[in-house]
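Participant:
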Amino acid sequence: MKIDIFGMFVHEIAASIQPYGLPKFRAEQIAKWIYQHGVDDFENMTNLSKDHRVLLAEHFVIHTALAQAIEKSTDGKTSKYLLRFHDGMAVETVLMRQPYGNSVCVSTQVGCAMGCVFCASTLNGITRNLTAGEILAQVLYVNKLLQQEQAHVNTIVIMGSGEPLANYNHVVKFMRVIHADYCLNISYRSITLSTSGLVPEIDQLANEGLPVTLSISLHAPNNEIRSELMPINNRYPLVEVMAAANRYAQQTGRQVTYEYILIADVNDQAQHAKQLATLMRGRLANVNLIPVNSVIERGLLRPSNKQVQLFEQILLERKINVTVRREMGSDILAACGQLRHKVLNEINID
Ligand code: SF4
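Position one of the sequence shown corresponds to residue 77 (the working numbering), numbered consecutively onward.
#1: Would you report the Cα separation of Val115 and His228, rounded to the nearest angstrom?
#2: Looking at C-alpha atoms only, which residue of Leu352, Ile110, Glu277, Thr231 is the closest neighbour of Ser263?
#3: Quick one: measure Cβ to Cβ for Ala353 and Leu391, integer angstroms, because I've assumed they're closer than 8 Å.
#4: In chain order, what are the residue ranges of uninterrupted alpha helix (DSSP H) at least 4 long that sit wholly in the stretch 82-157?
#5: According to DSSP, is Pro307 part of a helix, a strand, or is it coil?
#6: Within 10 angstroms of the Cβ of Leu159, are there 16 or more other Cβ atoms? Answer buried if so, exposed if not.
#7: Considering only DSSP beta bridges, list what Leu199 is partnered with.
#8: Under 8 Å, with one C-beta from each stretch per pair, do the stretch 144-158 and the stretch 169-177 reach the 3-pair mark?
#9: Does the contact criterion of 3 or more C-beta pairs under 8 Å hold for the stretch 284-298 versus the stretch 175-186?
#10: Shortest alpha-carbon distance to Asp80 belongs to which of Glu134, Thr122, Gly97, Glu104?
#11: Short of 6 Å in beta carbon distance, which residues of its chain neighbour Phe118, apart from the five on each side in sequence? Order them along the chain.
#12: Under 7 Å: does the beta carbon of Met165 sit that close to some heavy atom of the ligand SF4?
#13: Specify the secondary structure class of Thr268 as computed by DSSP and reduced to three states.
#14: Tell me whether the beta-carbon of Ala205 lies closer than 8 Å to the beta-carbon of Gln185.
#15: In the DSSP assignment, what are the bridge partners of Leu171?
#16: Helix, strand or coil: how does DSSP classify Pro189 here?
#17: Would you check if there are 3 or more beta carbon pairs closer than 8 Å linking the stretch 361-379 to the stretch 323-336?
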């Protein structure tokens, strides 16, 4: 069976090609071809000898991703791709053209086991983890498109389908590879990892020496509401998650972001904002309010603009750092998992 080299560190490529008589320095050339130039055919690696190219094609393969469906927002700023891997599994990847650069949101699992009630990614449970190469393939797919307009990926958010810390080793490897100078050389500070709150893995990540921004999916100001919205809260209650986030901030010096999806009549009332402000007091943290993209299957509704403003105002008055996320691509089903779910329903294979 041929070995897939996509997603490997350069030293792993070197170790893989060495038994076939290829010198170590070829590994960096190969890595640059596949990661920086988007080449997925050894034949096109023109600085390798013909013999080496044939040898590589005999023993190795480069599995990337292909687009199965694409949706673009009417303002052209958000594009969502359903990307398919070699075994036919597909995940969503989103390009957001922000004022500060091009941001890509990647998935880390096919589906998700966490069961958050506001999320379409978990409607059919989890199928499998993605490999580091499959997470990387999503960024490089978008980067290749951007290269055609002399642009590139600037920031990465690990916030698509899947719980990244439940696929810990592959996600950490992905971050290390994308940071490497033979890949896209993305700084760790330009990567945000979002978790539903797996406490042991948050502590593990704090000790990796990767100063990525940690984003906690909080979504509720107390255990009662959080357990209703996010079953994981029964295993790691809110206070434990916030203590782990504090340790992360202290260890890395990075401000933690707390994501809070606002759902009408569930967690968007004045008393919830006041409770949230009390929780946040004195923390190195930023609260990001996200009016929910209605998930029809779950019957969850977006609050009115007035209610969103009121919620924000209560936090501001209490000196909490707060932003309201600009709603990008709501006309293309921007909530995670919705495009995949729609396509799977259409082709009736899920
Ligand atoms: S919000 Fe994230 S962790 Fe929760 S079910 Fe969706 S993908 Fe999984």
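Using N, Cα and C, we set each Cβ at its ideal position, and we do this for glycine too. Since the model is a prediction, treat every value here as computed from it, not as a measurement.
Facilitator: On the basis of the supplied data:
#1: Here residue 115 is taken as the residue at index 39 of the sequence shown, counted from 1. Here residue 228 is taken as the residue at index 152 of the sequence shown, counted from 1. Rounded to whole angstroms, Val115 to His228 spans 16 Å at the Cα level.
#2: Taking the first residue of the sequence shown as position 1, residue 263 is located at position 187. When only C-alpha atoms are compared, the closest one is Thr231.
#3: Taking the sequence shown and counting its residues from 1, the one referred to as residue 353 is at position 277. Taking the sequence shown and counting its residues from 1, the one referred to as residue 391 is at position 315. Correct: roughly 5 Å between the Cβ atoms.
#4: 86-93, 101-107, 126-135
#5: The sequence position of residue 307 within the sequence shown is 231, counting from 1. The answer is helix: DSSP assigns Pro307 an H, G or I state.
#6: Position 83 of the sequence shown, counted from the start, is the residue given in the question as residue 159. Flag for Leu159 reads buried.
#7: What you label residue 199 is simply residue 123 of the sequence shown in a count that begins at 1. None, per the DSSP bridge assignment.
#8: yes
#9: no
#10: The count along the sequence shown starts at 1 and reaches residue 80 at position 4. Considering only alpha carbons, the answer is Glu134.
#11: Here residue 118 corresponds to residue number 42 of the sequence shown, with the count starting at 1. For Phe118, where only same-chain residues beyond five positions count, the Cβ hits under 6 Å are Arg129, Leu132, Ala133.
#12: For this step, residue 165 is matched to residue 89 along the sequence shown. No - the ligand SF4 has no heavy atom lying nearer than 7 Å to the Cβ of Met165.
#13: Residue numbering aside, residue 268 sits at position 192 when the sequence shown is read from its first letter. The answer is strand: DSSP assigns Thr268 an E or B state.
#14: Translated into positions along the sequence shown, residue 205 becomes position 129. Translated into positions along the sequence shown, residue 185 becomes position 109. The sequence given here has Asn at residue 205, not Ala. Yes. Within cutoff.
#15: Position 95 of the sequence shown holds residue 171. DSSP output for Leu171 lists Ser155, Val180 as bridge partner(s).
#16: As a first step, residue 189 must be located in the sequence shown, where it is residue number 113. A quick correction: the sequence has Ala, not Pro, at residue 189. In the structure shown, Ala189 sits in coil (DSSP, three-state: anything other than H, G, I, E or B).
#17: yes
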